[in-house]
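Q:
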Amino acid sequence: MSATSVRCKKCRKVLFLHQDFPLLDRHGNEIDKYSGEDSCPNQRDEFLWYLDPDKSPLWILSSVEEVGWTKGKIACPECHCRIGSFDFVSGSQCSCHVHALPSLHLVKAKVDVLSTQSVALLGISDGKQSV
Ligand SMILES: [Zn+2]
Ligand SMILES: [Zn+2]
Numbered sequence: 089m090s091a092t093s094v095r096c097k098k099c100r101k102v103l104f105l106h107q108d109f110p111l112l113d114r115h116g117n118e119i120d121k122y123s124g125e126d127s128c129p130n131q132r133d134e135f136l137w138y139l140d141p142d143k144s145p146l147w148i149l150s151s152v153e154e155v156g157w158t159k160g161k162i163a164c165p166e167c168h169c170r171i172g173s174f175d176f177v178s179g180s181q182c183s184c185h186v187h188a189l190p191s192l193h194l195v196k197a198k199v200d201v202l203s204t205q206s207v208a209l210l211g212i213s214d215g216k217q218s219v
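Mapping of the sequence shown onto the numbering used here: residues 89 to 219, in sequence order.
#1: Pull up the distance between the alpha-carbon of S178 and that of L189, whole angstroms please.
#2: Please work out which residues of its chain come closer than 7 Å, Cβ to Cβ, to D200, disregarding the five sequence neighbours upstream and downstream, and give them in chain order.
#3: Comparing the CB of K98 with every heavy atom of ligand 1, is any distance shorter than 6 Å?
#4: Please list, in chain order, all residues with a C-beta atom less than 7 Å from at least one heavy atom of ligand 2.
#5: With respect to 6 Å, is the separation between the Cβ of K101 and the closest non-hydrogen atom of ligand 1 below this value?
#6: In this structure, does DSSP put Q131 in helix, strand or coil?
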């Protein structure tokens, strides 16, 4: 069993698990289901991950609620480094003009997406498997 964790690049805190809150591409597809056959040419240079507001961690949603579902930044709950942002006001559209972009996004360069043993994530590793 392995799990994919999304971690803050700076402090390495596990922010959430992809299984719980799937990372999406700019068309709203889960990244591990992405076939590579999408016709959108913009997918390749994407520097953001997206999240569905209905499937987002509470600590992200509480910063969204704080500003009344307008727009703002997503910061790491541990080190407060900015890792992404959200915009529920204007919304934005993919430049292929077919899809609207999900409103929550994380900057790829600010987070690590890692496959790790779920046993290590639960903190019951035997010490040989440090994460
Ligand atoms: Zn952090
Ligand atoms: Zn597109």
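Cβ atoms here follow ideal geometry from the backbone N, Cα and C, with glycine treated the same way.
A: The answer reads as follows:
#1: Numbered from 1 along the sequence shown, position 90 holds the residue referred to as residue 178. Numbered from 1 along the sequence shown, position 101 holds the residue referred to as residue 189. One C-alpha to the other measures close to 11 Å.
#2: Sequence index remark: in the sequence shown, residue 200 carries index 112 (1-based). Within the same chain, D200 has close Cβ partners R95, K97.
#3: Position 10 of the sequence shown holds residue 98. At least one heavy atom of ligand 1 is nearer than 6 Å to the Cβ of K98, so yes.
#4: R114, H115, C128, N130, Q131, C182, S183, C184, V186, H187
#5: The residue you call residue 101 lines up with position 13 of the sequence shown. Yes.
#6: For the purposes of this step, residue 131 is taken as the residue at position 43 of the sequence shown. If DSSP states are grouped into helix, strand and coil, Q131 belongs with the helices.
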